[in-house]
Amino acid sequence: MSNEKNSQRLYLGLDLSTQQLKGIVIDEQLQTIAEEAISFNDKSLLTHHVQPNGFIVDKDDKRCITTPVFVFLEAIDVLFQKLHDQKKFDLSNIVGISGCGQQHGSVYWKTKTELESLKNFNKEKTLLLVDILQSSFSRIDCPIWMDSSTTDECQMIEKAVGNAQNLFQITGSKAYER
């Protein structure tokens, strides 16, 4: 790697969608340095892949549509490894990270103390996020934007305050399923 590549300030953008994780690395002139996409149904890349679409529709309740949190974690690990393997830049030159997530997807942490495992992990070991955070979530299956399993609860909340418009006026939001 040249000295120029070792000293450049880089920025990483992440987009976690329903079916994949995309990453793009840019420099200060907004030039693309590298990009990768990890599909959640790619069994050649992910141990925790989800076939065929990157999400799971519950066989007993078709309203319940989820993705296991381990798919997201493993996709992050694989994305960073693939960016590293490109040898186009030094990962330590990333000075900023921006992320956006899928519309109305939910990940449930157990408690904020679970984040301590990230602060205190041994950098000398080659642990993956799946390993570091395996017990950090209160729910493994994460409802995604297509999930409508809480429709009844949303309607109950709206009814409790009169109607959907009243809920919006009180909270600034409608009742979203999840």
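Everything in the sequence shown is counted per the working numbering, starting at 5 for the first residue and increasing by one.
Ideal Cβ placement from N, Cα and C applies to all residues, glycine included.
Taking its Cβ as the centre, do 16 or more other Cβ atoms sit within 10 Å of residue i, making it buried, or is it exposed?
i, result
"residue 140", "buried"
"residue 1", "The structure shown does not extend to residue 1, since the chain spans only 5 to 182, so no value can be given for it."
"residue 61", "exposed"
"residue 70", "buried"
"residue 151", "buried"
"residue 166", "exposed"
"residue 174", "exposed"
"residue 176", "exposed"
"residue 164", "exposed"
Under the three-state reduction of DSSP, which class applies to residue i: helix, strand or coil?
i, result
"residue 136", "helix"
"residue 65", "coil"
"residue 26", "strand"
"residue 19", "strand"
"residue 141", "strand"
"residue 87", "helix"
"residue 102", "strand"
"residue 179", "coil"
Return the residue from the list the options that minimises the CA-CA distance to residue i.
i, options, result
"residue 85", "38, 112, 113, 68", "38"
"residue 59", "28, 21, 133", "21"
"residue 97", "73, 61, 104, 87", "87"
"residue 153", "66, 26, 50, 42", "66"
"residue 132", "82, 24, 168", "82"
"residue 13", "45, 24, 27, 32", "32"
"residue 23", "93, 63, 95, 148", "148"
Per DSSP, residue i forms a beta bridge with which residues?
i, result
"residue 71", "146"
"residue 14", "31, 98"
"residue 38", "29"
"residue 60", "70"
What whole-angstrom Cβ distance do residue i and residue j have, given they're in contact under 8 Å?
i, j, result
"residue 181", "residue 146", "About 14 Å; that fails the 8 Å criterion."
"residue 134", "residue 77", "5 Å"
"residue 99", "residue 73", "Their Cβ separation, rounded to whole angstroms, is 28 Å, which puts residue 99 and residue 73 out of contact at 8 Å."
"residue 30", "residue 36", "6 Å"
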